[in-house]
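Asker:
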Amino acid sequence: MKGSDGARVYKRNRMIITNPITSRKDPTFLTVTYEWAPPGLNQKLAMRYMELIPKKLQPVAGTEGAHYRRLQLLKQLPAYDYDPQYCKGLSEGEKSVMEAFVKEYKENVMGVAEVALPCSAKQDEKEANTTANNTAEEPAEKKDYLCDLCQNLMPADAPAVYADRAGYKRQWHPACFVCCQCREPLVNLIYFWKGNRLWCGRHYCDSERPRCNGCDEMIFSERFQQYEGKSWHVEHFTCTSCEQSLIDKPFVLDGALLLCTTCSSNRAAY
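Sequential numbering from 1 applies to the sequence shown in the UniProt record's numbering.
#1: Using DSSP with H/G/I as helix, E/B as strand and the rest coil, what is Thr63?
#2: Sorted by chain position, which residues of the same chain lie with C-beta nearer than 8 Å to Thr262's C-beta, five sequence neighbours on each side aside?
#3: In the structure shown, what three-state DSSP assignment does Leu259 receive?
#4: What are the boundary residues of the alpha helix (DSSP H) that Gln43 is part of?
#5: Taking DSSP as the reference, what is the three-state secondary structure of Ala136?
#6: What's the gap between the Cα of Arg267 and the Cα of Leu253?
#7: Helix, strand or coil: which one does DSSP assign to Asp254?
#8: Taking 8 Å as the cut-off, decide whether the C-beta atoms of Gln76 and Gly65 are in contact.
#9: For Asp81, count neighbouring Cβ atoms within 10 angstroms of its own Cβ and tell me buried if that reaches 16, exposed if not.
#10: If you draw a straight line from the alpha carbon of Leu30 to that of Ile16, how long is it in whole angstroms?
#11: Which residue marks the beginning of the beta strand (DSSP E) containing Glu114, and which one marks its end?
#12: So Lys106 is in the beta strand (DSSP E); what residue range does that whole segment cover?
#13: Can you give the beta carbon distance from Val115 to Phe220, rounded, assuming they're within the 8 Å contact cut?
#14: Buried or exposed for Gly255, going by 16 or more other Cβ atoms inside 10 Å?
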């Protein structure tokens, strides 16, 4: 779709903007590619959305912002949190438990947010659908919309983020749509809604299941090791240095390192 303010192209939520530079004798074009952008927005609203995100986080192809987004996607939504084929050594029983867990959160907790103006017709329509009385009423008073996180005013001409599972009476500034635990922006607007709060996938899963400190996968076995708030698969409760099992043996937890007493003493000697 082309217009006087440039062209917009979406491909797998990528956005390519081409703007003419008319200050020269022979017009040239400046092209900016965003590796991701909220789908379904016109160019003006999409660009306004990007402007409301810190510049260092804007996913412009070839920049630190694009690299950060890819890293956050792997961190917030690791494949082994939703697909058993990426997990190592699941028993059939553990696989069944995982599949049920993933099915439940996909149906009841997980969602993809959308972007719209706070006073958009789409927003008004969704609010109207929650009202049983569809008869003619007096014109509604002008509303002030507040961000659910910072409680500051949402400008009527600036895009807001809506999460269907939270209800359309809630909205967030683009930079305020973050996980309640790590406070990181929710990558690709993928969120988990629990306890009236937004969670990233990783921290939602951590709130529901123990996560192995050794392999980073969730634990679906009833038998596992715990110590000082950390958890391990039984087979991963081993010395970081010599790899011997530490089940029923003395050990030392040195920061993130799990060590047998011998290896711990050797490290202390240096």
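A virtual CB, placed ideally from N, CA and C, is assigned to each residue, including glycine.
Answerer: In this structure, then:
#1: Three-state result, Thr63: coil.
#2: Annotation for Thr262: Cys242 place their beta carbon closer than 8 Å to its own, counting only its chain and skipping 5 residues before and after.
#3: Strand, per DSSP.
#4: In the DSSP annotation of this structure, the continuous segment of the alpha helix (DSSP H) that includes Gln43 starts and ends at 43-51.
#5: The pLDDT assigned to Ala136 is 46, lower than 50, so where the model puts this residue is not dependable; a value taken from the coordinates is nonetheless given after this. Three-state result, Ala136: coil.
#6: Between Arg267 and Leu253, the C-alpha separation is close to 13 Å.
#7: Strand at Asp254.
#8: It is not a contact, given that the beta carbons lie outside the stated cut-off.
#9: By the 10 Å Cβ count, Asp81 comes out buried.
#10: C-alpha of Leu30 to C-alpha of Ile16: approximately 10 Å in a straight line.
#11: DSSP places Glu114 inside the beta strand (DSSP E), whose first and last residues are 114-116.
#12: Counting along the chain, Lys106 sits inside no beta strand (DSSP E); it lies in the alpha helix (DSSP H) bounded by residues 92-108.
#13: Between Phe220 and Val115 the Cβ distance is about 35 Å, and since that is not below 8 Å, they are no contact.
#14: Classification for Gly255: exposed.
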